Structures are given as structure tokens and as C-alpha cells.
Amino acid sequence: MHAAPTSTKTAFDGIRIAIGVGGSLALVVGVVILVWPGKTAMAVTALVAAYAIVAGVIYAAIGGLSRTKGGWARVGHVLLGLIFIVAGVIAFTSLGQTAVWLGAFLGVLVGILWIVEGIVALSTLSGTGSRVWSIVFAIFSIVAGAVLLFAPLWGAMVLWMLMGISLIVLGVVNIVRAITFGRMQR
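When we follow my numbering, the leftmost residue of the sequence shown carries the number 13, and every step to the right adds one.
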């Protein structure tokens, strides 16, 4: 009869630890982003470059070693693999410039997405019960998207800093959750 309370306590402890570790990691990463924004952007770029090289090797191996794919599929896989490998190597040779390029690319991408989201919100006005809020959302979304398109690096930097702040806040909240989790059940 004592097994249920012990297993429940063990489950609660596991959840508390997971929430606490996740919160601590979020807090640390958020602080690192705010203290060293350029270096953390370069670290993320290095991870993307490493992924590109590994993916490139895998694609090239699939193309080179496959006996079931047709000739064009094999050539395509090898070419895609080579493109990934070259992109990864180039990224590693100039992490700073690649980080800036990725920031600009993401700024433009988010800008386009926000503009499209605003247009979609306007196109669905007839089906919504809150026309005013949909219009306000659409206007803000389109304007914010346009700002990102005209200043993508600035926008990417602002988004990067907001991510750092958000990670700090969420990390602290999760640490508090971990400390207080399960108190009512005990």
C-alpha cells in the first residue's frame, strides 16, 4: 500500500528536476545572449554550419552508396550533399559574416511572414466576430513586417535580444515552478 505514494513522490521529483533543469538552462542561455549577443549568434551559426556539413555527408553518402535509386536521384543527392558541405565550410571560415547574413535573412523572412499574416487577417474579416481587433492586428503586423524588411539586421538584433529576455523570464518562472511544484500534493 505504500508503493503508490512513493511512486507519486518519485514522479513529482522527476518532473520538478526536469522543470528546474530546463529553467536553469533557459536562464543561463538568456543571460549569455544578452551579455554576448554576437558571440552567441556565432555559436548558433557554428551549430547550423556543423549541421550542414553532417547533412551534406549523409546526402552524398545516400547518393553514392544507394543501389535502389535511379541515376538522377543519386546525382541529385550527391549534388545536394556537396552544396550543404560547401555551405557549412564557408560558414565555418567566416562565422561572424555568416551570422550577420543569417540575421539579415531571418529578419527578412520574419518581415515577409508578418506582412503575409497581416494580409491574411484582413482577408478573413468577414468570418470574424472581432473586426476591430483583426484590423488592429493586421495593421501592426504589416507595419512591423515592413520595418523588418527595411531594417532586417536591426530587426534580427531586436528579436535576438527579446529572445534573451524571454529566456531569462521563462527560466526564472520555471525555476520557481520547480521549487513550488507538488507542494499541494504532499
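Note that beta-carbon positions come from the ideal geometry of N, C-alpha and C, so glycine has one too. Keep in mind it's a predicted model, so treat the numbers as computed, not measured.
For the alpha helix (DSSP H) that residue i lies in, which residues bound it at each end?
i: S222; result: This structure leaves residue 222 out entirely; the chain is present only between 13 and 198.
i: G167; result: 164-192
Whole-angstrom Cβ separation of residue i and residue j, contact assumed at under 8 angstroms?
i: G75; j: V87; result: 7 angstroms
i: E129; j: S153; result: 5 angstroms
i: G157; j: W126; result: 3 angstroms
i: A103; j: V60; result: 7 angstroms
i: H89; j: A72; result: 7 angstroms
i: V69; j: I97; result: 7 angstroms
For residue i, which residues of its own chain have a beta-carbon under 6 angstroms away from its beta-carbon, when the five flanking residues on both sides are left out?
i: V122; result: L160
i: L171; result: none
i: T140; result: S146
i: D25; result: none
i: M13; result: Residue placement at M13 is flagged as unreliable, the pLDDT there being 48, under the threshold of 50; the coordinate-derived value follows with that caveat. Excluding sequence neighbours, M13 sits near nothing in its chain.
Put residue i into one of helix, strand or coil per three-state DSSP.
i: W48; result: coil
i: K21; result: helix
i: S142; result: coil
i: S36; result: helix
i: S78; result: coil
i: R28; result: helix
Between residue i and the rest of its own chain, which residues show a CB-CB distance below 8 angstroms, the 5 nearest in sequence each way excluded?
i: G167; result: G119, V122, G123, V159, L160
i: W165; result: Going by the sequence as given, residue 165 is Leu instead of Trp. Answer for L165: V112, G115, A116, G119, listed in chain order.
i: L134; result: S146, I147, A150
i: R143; result: L137
i: P49; result: M169, W172, M173, G176
i: F193; result: F24, I27, R28, I31
Short of 7 angstroms in beta carbon distance, which residues of its chain neighbour residue i, apart from the five on each side in sequence? Order them along the chain.
i: G183; result: G35, S36, A38, L39, G42
i: L92; result: Y71
Q. Within the chosen definition, does the stretch 20-32 reach the stretch 42-60 through at least 3 CB pairs nearer than 8 angstroms?
A. no
Quick check: the stretch 172-183 against the stretch 44-52, are at least 3 beta-carbon pairs closer than 8 angstroms?
yes
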